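Residue numbers (my numbering): 177 to 874. Every residue gets a Cβ at the ideal spot worked out from N, C-alpha and C, and that includes glycine. Since the model is a prediction, treat every value here as computed from it, not as a measurement. Data block below; observations after.
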Amino acid sequence: MSSSLDQRTAPAPEGSRPTPLPRRTRAYALPEVRWALAALGLFLLALPPYLLGGPAWLWGALFAGAYATGGWEPGWEGLKALRERTLDVDLLMVVAALGAAAIGQVLDGALLIVIFATSGALEAVATARTADSVRGLLDLAPATATRLLADGAEETVDAGLLAVGDTVLVRPGERIGADGEVVGGASEVDQATITGEPLPVAKETGDEVFAGTVNGTGALRVRVGREPSDSVIARIVRMVEEASRTKAPTQLFIEKVEQRYSVSMVLATLAVFAVPLAFGDDLTSALLRAMTFMIVASPCAVVLSTMPPLLSAIANAGRHGILAKSAVVMERLGQVDAVALDKTGTLTEGTPRLTDVRPLPGTGLDADALLRLAASAEHPSEHPLARAVVDAARERGLALAPADAFAATPGRGVTATVEGRRIELGSPARLLPDTHHARVHPHSDTRPAHPEAHHARMHPHPDTHAAHSDTHHARVQPENDPAPLVRELEEAGSTAVAVLRDGEPVGVLGVADRLRPDAAATVAALTRLTGRAPVLLTGDNERAARRVAGRVGITDVRAGLLPEEKVAAVRAWEAEGRRVLVVGDGVNDAPALAAAHCGVAMGRAGSDLALETADAVVVRDELAAVPAVVALSRAAHRLVVQNLVIAGAFIAVLVAWDLFGTLPLPLGVAGHEGSTVLVGLNGLRLLRSTAWPRPARG
Numbered sequence: 177m178s179s180s181l182d183q184r185t186a187p188a189p190e191g192s193r194p195t196p197l198p199r200r201t202r203a204y205a206l207p208e209v210r211w212a213l214a215a216l217g218l219f220l221l222a223l224p225p226y227l228l229g230g231p232a233w234l235w236g237a238l239f240a241g242a243y244a245t246g247g248w249e250p251g252w253e254g255l256k257a258l259r260e261r262t263l264d265v266d267l268l269m270v271v272a273a274l275g276a277a278a279i280g281q282v283l284d285g286a287l288l289i290v291i292f293a294t295s296g297a298l299e300a301v302a303t304a305r306t307a308d309s310v311r312g313l314l315d316l317a318p319a320t321a322t323r324l325l326a327d328g329a330e331e332t333v334d335a336g337l338l339a340v341g342d343t344v345l346v347r348p349g350e351r352i353g354a355d356g357e358v359v360g361g362a363s364e365v366d367q368a369t370i371t372g373e374p375l376p377v378a379k380e381t382g383d384e385v386f387a388g389t390v391n392g393t394g395a396l397r398v399r400v401g402r403e404p405s406d407s408v409i410a411r412i413v414r415m416v417e418e419a420s421r422t423k424a425p426t427q428l429f430i431e432k433v434e435q436r437y438s439v440s441m442v443l444a445t446l447a448v449f450a451v452p453l454a455f456g457d458d459l460t461s462a463l464l465r466a467m468t469f470m471i472v473a474s475p476c477a478v479v480l481s482t483m484p485p486l487l488s489a490i491a492n493a494g495r496h497g498i499l500a501k502s503a504v505v506m507e508r509l510g511q512v513d514a515v516a517l518d519k520t521g522t523l524t525e526g527t528p529r530l531t532d533v534r535p536l537p538g539t540g541l542d543a544d545a546l547l548r549l550a551a552s553a554e555h556p557s558e559h560p561l562a563r564a565v566v567d568a569a570r571e572r573g574l575a576l577a578p579a580d581a582f583a584a585t586p587g588r589g590v591t592a593t594v595e596g597r598r599i600e601l602g603s604p605a606r607l608l609p610d611t612h613h614a615r616v617h618p619h620s621d622t623r624p625a626h627p628e629a630h631h632a633r634m635h636p637h638p639d640t641h642a643a644h645s646d647t648h649h650a651r652v653q654p655e656n657d658p659a660p661l662v663r664e665l666e667e668a669g670s671t672a673v674a675v676l677r678d679g680e681p682v683g684v685l686g687v688a689d690r691l692r693p694d695a696a697a698t699v700a701a702l703t704r705l706t707g708r709a710p711v712l713l714t715g716d717n718e719r720a721a722r723r724v725a726g727r728v729g730i731t732d733v734r735a736g737l738l739p740e741e742k743v744a745a746v747r748a749w750e751a752e753g754r755r756v757l758v759v760g761d762g763v764n765d766a767p768a769l770a771a772a773h774c775g776v777a778m779g780r781a782g783s784d785l786a787l788e789t790a791d792a793v794v795v796r797d798e799l800a801a802v803p804a805v806v807a808l809s810r811a812a813h814r815l816v817v818q819n820l821v822i823a824g825a826f827i828a829v830l831v832a833w834d835l836f837g838t839l840p841l842p843l844g845v846a847g848h849e850g851s852t853v854l855v856g857l858n859g860l861r862l863l864r865s866t867a868w869p870r871p872a873r874g
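Given below as structure tokens:
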């Protein structure tokens, strides 16, 4: 549910504050990033002299620097965890790297250090960017508001000081300063950040408005209904922060195994050293056996069983337009067993487009002529419906005529004079006779949350022309009755726009938010992967949501939801033991993305907050990539299991040889390093292009 609110800084009227560029933390300002870059740089500098047989003092010093810069922080964190009687995987990694260096395998140890330092840096960047976006969300609300006093005077006050019952004036183009109710005026409000609606919503007396949403071309008087700290936009901030804090800490599968394996290995090494001594073995022999045991039982191969497959999967997904922010995310994607999809901007493109041009018979107009008239009249308008009509005319190469006497009264209508003819465009509910409208709109929505439901108040013609139009409507002939066309378009899910010339209907246009071509195939693929059909979570109304759901094969529809209600649905599923994947794109999806087991944001139209809160981003905006990356994650998990089996087999054989026989130290090192190389190469198989699952096709 993307919004025009997500644009960069633009001029704004006095009394409002434009959306600033996000206050992003620079990556190099994070210590984890600086240490990881230093370790990587030293490692790369050490490689040439080491591989080419250069002086040992040179590559030794460089490798030592890589160990120190990349390993001191995880080592310190591991020691602090050890003080709390927890054997942390970071400490285990540092010990394994130092053990490799102690037996001469400095390259392997340094590589292990660099991999873990880089992984930690990426996680730190992702965390910082999420915090930046949460703070930036507060900039959606204006800094000040115009409060109306009892005597009719105006005063500019800090928006945070508004109290329930205050009345504020919202001028055209301003952001609304508080949640409340319209008590005067009429306008259209872009509230996509809250409800995800693709078109502005007509607002008049009695309608509810939300802080941070953008007023259109009319002026509104709004009575404040909630304290600023309790506004919908403020609650979104709190929900994202809370979900980010309380989301259960996750570990890679291998880290859970290592907690027990590490303790067992340390105790076993001490036993291998102490027991022979107790039975009279000499110190040198006992020490050599214990050292060999520590080497062959060290978890280098076990640690590398996980990272190469997951990092390879991340790289492969990146080449195909999916950015997974960490190895943990890539692992979690394959664990999901339930999916919740947003509608606008996720299943649909999120932008209204012209779908139908229907001229009436006997008007002398064909489709291109009708579209040219309509686009010429709509050209001066900034309304999304007008842009859809004008864009369609340009795509067809139609030359637009100048529009004179253009008028776009908020909530009343759009008219213009084109080539000497008066052209009116708007909703059939206002431009056509009541007798036609009664047949076209037998049902009405109680919640005007979708263009199909509220468009009746968006484009009616001005009152000054009502009587003139009605006299002409009375003479409409049955063969020129536009009502069947209107009914056909609306039943197909389009917003109908009536076109009148000199008061007579000449045609109907259909505008709709188009379904993504791969939406149905994506839903089917996710159903196969998880064993249950996805659920649709949307802020749009029930009728619009069910129409889209029916076209893609979704039966469970939750419509008219505010952000906190989406979060409640996700948490209810999580409480049932499900691991939920949420796919969305707007500010109002961010809390659910943060609360879910895994969140994926659509990249092209996604808001900054959604992109930073989500665990993964569909950079190329291809919905079919979502089931593909889930399948890739599961393939990575299978490789991790294979690697653990390989590493475990090597360790078991070498340990048994050392305990019950005499395993030469060089042979133990060769077997240990051989298993490490083998699992590493096995994990790199996911780098191949053929490893990317074939995405769903519409």
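The segment 800 to 809 and the segment 823 to 840 do not touch, with fewer than three beta-carbon pairs separated by less than 8 Å.
Per the coordinates, the alpha-carbon of residue 209 lies some 20 Å from the alpha-carbon of residue 484. With 16 or more other Cβ atoms inside 10 Å of its own Cβ, residue 788 counts as buried. In the same chain as residue 541, and ignoring 5 residues on each side of it, the C-beta atoms closer than 8 Å to its own belong to 535, 549, 682 and 683, in chain order. Selection 238, 774, 765 and 223 evaluated against residue 754 yields 774 as nearest (Cα-Cα). When only Cα atoms are considered, residue 381 and residue 597 end up about 34 Å apart. Fewer than three beta-carbon pairs drawn from the segment 517 to 536 and the segment 573 to 581 are found closer than 8 Å, and the two stretches are therefore not classed as touching.
Per DSSP, the beta-bridge partners of residue 529 are 688. Unbroken alpha helix (DSSP H) stretches of 4 residues or longer found wholly inside the segment 671 to 750: 695 to 706 and 718 to 728, given in chain order.
Excluding the 5 residues flanking it on each side, residue 731 has same chain C-beta neighbours closer than 8 Å at 709 and 725, in chain order. Beta-carbon to beta-carbon, residue 520 and residue 714 are separated by about 7 Å, close enough to satisfy the 8 Å threshold. Residue 859 carries a helical assignment under DSSP once its states are collapsed to helix, strand and coil. When 335, 283 and 394 are compared, the shortest CA-CA separation from residue 361 is found for 394.
Residue 379: member of the beta strand (DSSP E) spanning 377 to 379, first to last residue. For the set 859, 270, 345 and 527, the Cα lying nearest the Cα of residue 289 is the one of 270.
DSSP places residue 253 within a helical segment (H, G or I) once states are collapsed to three. For residue 600, the enclosing beta strand (DSSP E) begins and ends at 597 to 602. Assigned with DSSP and collapsed to three states, residue 583 falls in strand.
Straight through space, the alpha carbons of residue 698 and residue 525 are spaced by roughly 14 Å. The beta strand (DSSP E) runs of length 3 or more contained entirely in the segment 377 to 405 are, from start to end of the chain, 377 to 379 and 396 to 400. Membership of residue 210 in the alpha helix (DSSP H) is indicated by the continuous run 207 to 227. Taking each of 376, 733, 363 and 718 in turn and checking the Cα distance to residue 348, the smallest one comes out for 363. With 16 or more other Cβ atoms from the protein chains shown falling within 10 Å of its own Cβ, residue 235 counts as buried. Per DSSP, the unbroken beta strand (DSSP E) holding residue 760 starts and ends at 756 to 760. Taking residue 868 as the centre and dropping the five residues before and after it, the same chain places the C-beta of 492 and 496 closer than 6 Å to its C-beta, in chain order. In the displayed model, residue 322 falls within a strand according to three-state DSSP. In the structure shown, the three-state DSSP call for residue 333 is strand. Checking the DSSP bridge columns, you'll see residue 591 partnered with 583 and 600. Under the three-state reduction of DSSP output, residue 508 falls in the helix class. The three-state secondary structure of residue 346, taken from DSSP, is strand.
Residue environment: residue 256 is assigned as exposed (fewer than 16 neighbouring CB atoms within 10 Å of its CB, all protein chains considered). For the pair residue 529 and residue 215, the Cα-to-Cα distance works out to about 51 Å.
Contact check for residue 407 against residue 387 passes: the beta carbons are separated by less than 8 Å.
The alpha-carbon separation between residue 277 and residue 231 amounts to approximately 17 Å. Among the bridge pairs identified by DSSP, residue 351 is matched with 390.
In terms of Cβ geometry, residue 273 and residue 285 form a close pair [threshold 8 Å].
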